[in-house]
Amino acid sequence: MRRLRLAVVLIAAVALAACSRDGAGSLSVTAPPPVSPTVVGATTSPAPPPLTPATPPPTDGPATPTCVGGWITPPRSSQPYLQPLGIIRRTTGVDGPLVVVDMRSFAGPESPPSEQGYIAEVQRWYVKLYAKDDPAFQGRFLVEARRFGRGVSAVASYRSHGWRSPDWIGFQWNSADTTPKAYPGLPGQWEGVPYDFVKGGGGLTIPGLPPDVAGCLNGT
Numbered sequence: 000m001r002r003l004r005l006a007v008v009l010i011a012a013v014a015l016a017a018c019s020r021d022g023a024g025s026l027s028v029t030a031p032p033p034v035s036p037t038v039v040g041a042t043t044s045p046a047p048p049p050l051t052p053a054t055p056p057p058t059d060g061p062a063t064p065t066c067v068g069g070w071i072t073p074p075r076s077s078q079p080y081l082q083p084l085g086i087i088r089r090t091t092g093v094d095g096p097l098v099v100v101d102m103r104s105f106a107g108p109e110s111p112p113s114e115q116g117y118i119a120e121v122q123r124w125y126v127k128l129y130a131k132d133d134p135a136f137q138g139r140f141l142v143e144a145r146r147f148g149r150g151v152s153a154v155a156s157y158r159s160h161g162w163r164s165p166d167w168i169g170f171q172w173n174s175a176d177t178t179p180k181a182y183p184g185l186p187g188q189w190e191g192v193p194y195d196f197v198k199g200g201g202g203l204t205i206p207g208l209p210p211d212v213a214g215c216l217n218g219t
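Mapping the sequence shown onto numbering that gives the first Met the number 0, position 87 (from 1) lands on 86, and the numbers just tick up by one.
The following block contains the structure:
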């Protein structure tokens with residue numbers, strides 16, 4: 000099974016910086032991980048392609064208090080469409096064609112909001128996809144791009160919906176254990192300590208998305 004490395008060091012660094020600024024992300028008692036690794040055996044038969052919507056998903060959404068700038072699905076083959084796919088490929092190592100079931104692009108503040116101009120706005124993508132040549136690789140991804148870095152920040156099961164806890168999982172880098180592990184419902188294997196990305200984790204009470212953009216995933 001291919002190895003996947005989730006790019007979360009960047010997210011943790013921003014969260015820690017925010018915590019030190021004004022105490023918004025106070026340290027909390029470490030909670031049990033939201034998911035536990037599973038023992039992976041040999042695959043006996045290819046996985047069938049996952050279910051896809053009977054009708055195409057919408058391609059835009061209006062601005063609301065919980066999705067401040069609205070969201071759009073970038074045109075296929077455009078740079079804003081291909082960029083998150085490239086980040087997913089680079090981060091996970093997945094090969095072959097990717098079948099995109101749904102994509103949303105939206106921008107908004109850091110979580111928690113930052114006074115630093117270079118991280119005042121974060122470009123984000125929600126992507127639901129599977130690998131055409133290996134349908135067992137299927138999931139929902141949150142990709143984030145800042146001026147100083149970009150990466151996959153959280154992943155959820157293909158069959159999950161919306162922005163709900165504990166569906167979205169982030170992985171905190173742990174230098175003491177770099178062995179990739181498989182987790183139920185998530186494609187491939189992941190390094191690090193899993194935590195609830197919706198509510199926040201890794202010792203911090205900072206949610207993965209600020210309220211200003213959490214609603215951009217409504218209806219997904």
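From the three backbone atoms N, C-alpha and C, an ideal C-beta is built for every residue, glycine too.
In the displayed model, V67 falls within coil according to three-state DSSP, outside both helix and strand. Taking the Cα positions, V98 is about 15 Å away from T91. For A135, the enclosing beta strand (DSSP E) covers residues D133 to R145.
Using a 10 angstroms sphere on the CB of A155, the tally of other CB atoms reaches 16 or more, which defines it as buried. For V126, the uninterrupted beta strand (DSSP E) run begins and ends at V121 to A130, by DSSP. For the pair G200 and Y194, the CB atoms are nearer than the 7 Å cut-off.
Between V100 and A130, the gap from beta carbon to beta carbon reaches 7 Å or more. Residue nearest to Y157 within the set G184, V151, D59 and T58 is G184 (criterion: CA-CA distance). Within 10 angstroms of the beta-carbon of Q137 lie 16 or more other beta-carbons, which makes it buried. Residue environment for L50: exposed (fewer than 16 other C-beta atoms within 10 angstroms of its C-beta).
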